[in-house]
Structure formats: C-alpha cells, structure tokens
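> If you use numbering that gives the first Met the number 0, the sequence shown corresponds to residues 0 to 631, in order. Can you keep this structure in mind? I'll have questions shortly.
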Amino acid sequence: MGVGNVTSPQESLASGQLQARRLVELDALRGIAAIVVMFFHYTTRYDQLYGHETATTFSLPWGHYGVNLFFMISGFVIFMTLHRIRRPLDFIVSRFSRLFPAFWIAVVVTFVLTHAMGLPDKGVGAGTAFMNLFMIHGLLNIPHVDGVYWTLEIELLFYAMALTLYLLGRLDKVHFALMALLALRLSYFLALKFADIEMSWTLSHLLILPYIAWFVCGVMVYRRVSLPYVTPIRDRALLLSALVLMAVVDGPGIGLLAAGLSFILWAAALGKLPWLANPVFAWLGAISYTLYLLHENIGWGLMLHAERAGLSSDLAIVLATALALAMATALTKLVEVPAMKWIRENYRRRSWPEIHASKVFITLVALFSVLAGFAHAWHQAHPLQARPGDSVEQVFQPTELLRVPCPLASESNVLRILVLGQSNAGNHGAVQNSGKDSMPALFFYQGACYETTGPAPGATGQGGNLWVHVGPLLAEATKRPVVISVLAVDATRVRDWVNPGRLRETLIQGIADQREHGFVPDVVLWQQGEADGKAGTTNAKYREQFGLLVALLRAQGVSAPIMVALSTRCRNEGSDTVRSALKAVASFDKTVRIGPDTDLLAGEYRWDDCHFSSLGLEAAAHLWTRAFMSER
C-alpha cells in the first residue's frame, strides 16, 4: 500500500476536526507534566543528591511519573500528526523544527551555566556537549549535559517506529506491530526473572521496550477519540494488554497509574476537562518543552548557592522555579517559535520531489541497522562509561565534616574497616540528615578522622551512604570503636581496580597512607558488581579479575579477610553470573567470605531502582552488620 493510501477520507476528516479543536486541554496536560517533573527535581531529587539545608513545605516523590505522561501524550500526538501529513518529509520537518533548534540552544546555555555555577558531579567536557547536540548520545553511553535529556532519545526512537508504520501503510492496522512489541517486552522480563538470561540491551533500547506500553496507551486513546467509527474491540484489547503488562513488569501500582492517566488523556482530548482551558495552563503548555530542557541543572545550581548563602529551601525552590519559567518563556518566544515558523514556511515554499514510500522505508531501515550495529559495537568496547563527575579525582572531600582525634594510636581494640566498591559503596544513596552523634564510629581519610555525619570522604557522590549506619551498628554490636576508610567510585568494573590507571594508583597510594598513619584494616568490605553485571562480564573473567584484586591487596600488605556483598542489581533483576563468580572465589579462597545479599533490596529500598533509598541504606546496613557478626 502506498503512502497516499494510508488514511481513509473518514479518518482524514476526523483527524482534521480533532486538530481544529487544537486540544487546549491536551496542551495543558503537557504543561502540568513539565511542572510536576520540575518540582520532583527541585524537592525530592535535589534532596537525594545534595540535601536541602532546611525542611521543605512540600515534596513530590512521585513527580518523575510526569515523564511517563509525556510518553503517553507523544503516542497520541504523533499518530495524530501522521494521519494528517501528505508525505514522510512533512513529518520529518515537523519533528525536526519542533525539537532541535530549542534543544541546541538549551544544550549550550545549560553547559555554560552548569560550569559557571560549579554544580557538583554535573559538569561535562565540550566534546561531550557537542555529541549531545545529535540527541542520540545515550546510545553510546555518552553523558548528558543535563540529566533530563535521556527522554529525548526515547522520543526520537518512537518517532522512527511510528514513521516506519506510516511508510508501510499500516497506521490503520497498528495492532499487530504494537502487540509484538509488548510481547517482546514481556519476554525480556520473563527471560531475566526466571532464566537469568539478560537479552540484548541495544535491541531493547532501540525498540524502547521499557517504555513502549506508555506510548501504546497514548496511541490507543488517540484511536478511540479520533476514529470512533472503527470497531473498538482491538483497540480496547491492546490498551488493556499494555496496562496489564505494566502491572506485571513494573508493579500493580504502575498499572493503575497508567490506567488513570489514560482516562485523563481521553477526557482532555475530548474537551471534558474545561478547567484546563485557562490562560495559565495554556502558557505552561506552550513553554512545556523548553521548561523541561532548562530547569534541572540550572535550577539545582541556583538552589545550591541560595541555600548555602542562608536562604530557606522553600525560598530557593521559588527562585529556581521563577528562573526556569522565565528562561523557558524566553527560549520559546525567541528561539523555538520563530525557528519552527521559519523552517516550516521555507519548507512549504519549496517544491520537493515525490519520493516513493519504499525508498524512504529502505533508507530508514538502513540507517536504523547502521545505528544499531554501531551502538552494539560501542557497547561492547565501552559497556559502562563512568561520568566525568564520578572520576576518582572528584571523590568527596571532608571540608564540611568535623575533624576529630583518631583513636588509632590511643586505643588497641579499634575495628578498622576498608571499604571498596562502586556507587552503592559511595555517596549515591538518598540523603539522610541523621542529626545524631554517630560516635564511636569515624571516617578515616588521608591521615585524619572525621565524624560519620555526612558523605563518606574518598567516595564519589554527595548523597547518602551505607557507612554512617554500618559504623554505629558495628560499634554497638562489637563493643569496639569503629574507623572506616572508603574508596568507592561510581560505575567502576572490577577490571578498573586492577588494570593500570588512576584508580589502581589511588588504591595503592591510599593503602600506603593508611599504613603510615596506623590504619591497618581488620576487614575489607567489597560492595560492587552492578557495572560488571550490566556489561556482561563472564563468570571466568570476573573471577580472574577479582583474584587479581585480592593479589594486589595482599601485595600491599593488606592481609585482612575480604567480605563481599552480592550487589549486582541496578535497574534490572541483578546478575547471577557475577553472583556465582563471587561465590566461586569465596569457595576457593578462604580469606574471601560472602557477605550480605543486598540484591534482595528492591522496590522501595531503591530510590531510582539502582541506588539505595533512605530505607534501603538502613536495611543494607543491618544486612552488613548481621553478615559481619555471623563470621566472628
């Protein structure tokens, strides 16, 4: 079927009428979603990363689901757009003019202001910023200039999938393709959960499988609103399938949330929510895209400086919100709208040759294949690229921690603990303001001791960490003072600790410094495995490299037993390959002992499905304490 025959006259008429209503309520939903995401970042997420100086009046811990509403709206809008275009190039120009000009300016502005404000752990290099301009940098594990950019790549991939269906003349018969994607998403989940088979990340990402159900909901709502004459049974069945899939894979609560948002989207598209049709929501809808692009890093930078200057957290949030709204309005009026108008008008003025759908389809498939192959090859060579802000050179420095006398020389029964690992051993958990005296547990760093009342010195991140909980628990359980030295770097694989490089040098130098100041570890705690699990490190390779790490520690005079956590869960069900490798090492080397199984901590114990929440930090600390005491 050719492109010109994709839609029936009735479909075109229905779509035109729907477009003529301009969907004021739908635009308002976009604005509300952007505001909700922004307040999630300014309240809950900021508190997790940097910690508010004072208590906030409100927080939105569920606000990140505004992104899911964006995906649902995109499913609706993109299929509406495809039903009214005449040729594929219309769609490409429409999407390009909508997304890229404003995005390019936002990347430059955010890059400059993030560096100017000195926002911790968020600065990237100019080369990385340049790669962000293509909007597909996430496929190559290239860091984002601003963390919110991850969703833009998902949107682009959905556009490509929708355009492919258009080129095949199958917009009116989307059910098979969308059901196949839902089935593939379910197969990924079942393979990992019941057979420990981790299927291709590249394919999953290119087909946006983790989010496809949200887009499907939007598409089906569009069909019910705009194509009422179509037999609804297949649409309803597909919508129900998407909701059930989310309930099974992501949890019943997510399934109910998706059902509720689908109903709201349906009501808004039919104009049944008149309270949304007011100037304030219309304005928020108009600036929703630029507000989303600009708010995170710039707002965090302003809040950080404002709170450190003595302003209340609530006032800092108000200032950040005002700045984000002002900048978004300016970017919309000065760049987004004029650029979109100029590009589309120039496109309409020109005479473009008709290109047969088959040629466009073949080109799209070829580009997709090349991109998939390149992304797969890149991931094989660079499975997990550490972010620049999480390098060993930028571990937390104890400038804000209280320095106290070390008991290393004065007390003979001190329990000395050396902690090594990646982000869950570092300061990447939810921030906790304990406000309590954690003595007699201390941090040891570069020859000095510090109270365990904040981030662990020597580890990346500035959030919460396990050891402020583990230290006091072990001190109470053992009746001994506890001193903890931490070296933990986010996204590191076991090979990074033993191959020549900065991390290996830092480990060797740190052990020498500890020995010079009387810190000889009684036990080494290893909390790592997530990066190797994601990278697909084989059992044999992990055992070999961990064995080299043990040998390196012994060569530096560390003879203490090594207790390893089974810590492989990060946005997946964990890796049995890495877990079994650690168990194999422990069975062979009696100085290596299996510690807590922190992979058991899922759901509410992880604030981002990878790093520990406040509840998770406390639970993991108790697991570590029980494991340590059981080995005595």
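Where a beta carbon is used, it is the ideal one built from N, C-alpha and C, also for glycine. Predicted model, so just to flag it, every value in this text is computed and none were measured.
What first and last residue would you give for the beta strand (DSSP E) that runs through L486?
V481 to A487
> Determine the direct distance from the alpha carbon of G300 to that of V413, and round the result to whole angstroms.
41 Å
> Using 8 Å as the threshold, is the stretch 613-622 in touch with the stretch 461-476, meaning 3 or more CB pairs across them?
They touch, by the three-pair rule.
> Count the C-beta pairs between the stretch 296-311 and the stretch 149-157 that are closer than 8 Å, then say yes if the count reaches three, no if not.
no
> Excluding the five sequence neighbours on either side, which residues of its own chain have a C-beta within less than 8 Å of the C-beta of E603, listed in chain order?
S612, L614 and G615
> Taking A559 and Q526 to be in contact with their CB atoms under 8 Å, please state how far apart those CB atoms are, rounded to whole angstroms.
That pair is no contact at about 16 Å.
> Quick check on Y444: does DSSP put it in helix, strand or coil?
strand
> Starting from I416, trace the beta strand (DSSP E) both ways and give me its first and last residue.
L414 to G420
> Quick one: what's got a C-beta closer than 8 Å to T53's C-beta in the same chain, skipping five residues either side?
E306, S311, S312 and D313
> Do three or more CB pairs link the stretch 263-277 to the stretch 85-95 at distances below 8 Å?
no
> What first and last residue would you give for the beta strand (DSSP E) that runs through L524?
V522 to Q526
> Have a look at R402 and Y449 and give me their C-alpha separation to the nearest angstrom.
A direct Cα-to-Cα measurement between R402 and Y449 gives close to 4 Å.
> From A268, T331 and A321, pick the residue whose C-alpha is nearest to that of A285; which is it?
T331
> Between which two residues does the alpha helix (DSSP H) containing R348 stretch?
V336 to R348
> Put G428 into one of helix, strand or coil per three-state DSSP.
strand
> Whose C-beta lies closer than 8 Å to the C-beta of N432 among residues of the same chain, with five residues either side of it excluded?
Any reading at N432 needs caution, since the residue's pLDDT is 44, under 50, leaving its predicted position unreliable; the model's value is listed next. Closer than 8 Å at Cβ, skipping near neighbours: G50.
> Pull up the CB-CB distance for W496 and L548, whole angstroms please, since I reckon it's below 8 Å.
5 Å
> Do the stretch 234-247 and the stretch 208-215 meet, that is, are 3 or more Cβ pairs less than 8 Å apart?
yes
> Check the DSSP bridge columns for F611 and list the partner residues they point to.
Answer is R605.
> Just verifying my parser: in three-state terms, what is the DSSP assignment at E450?
strand
> Rounding to the nearest angstrom, what Cα-Cα distance links A424 and Q461 in this structure?
About 12 Å.
> Look at V147 and E295 and say whether their C-beta atoms are less than 7 Å apart.
yes
> Is the distance from the Cβ of V485 to the Cβ of P520 below 7 Å?
At the C-beta level, V485 and P520 stay beyond 7 Å of one another.
> Since I593 sits in a beta bridge, which residues does DSSP pair it with?
For I593, the pairing in a beta bridge is given by DSSP as V563.
> A476 to M628, Cα distance in whole Å?
Taking the straight line joining both Cα atoms gives about 8 Å.
> Alpha carbon to alpha carbon, what distance is there between A27 and D512?
59 Å
> Based on Cα-Cα distance, which residue from T597, T55, S203 and E543 lies nearest to T624?
T597
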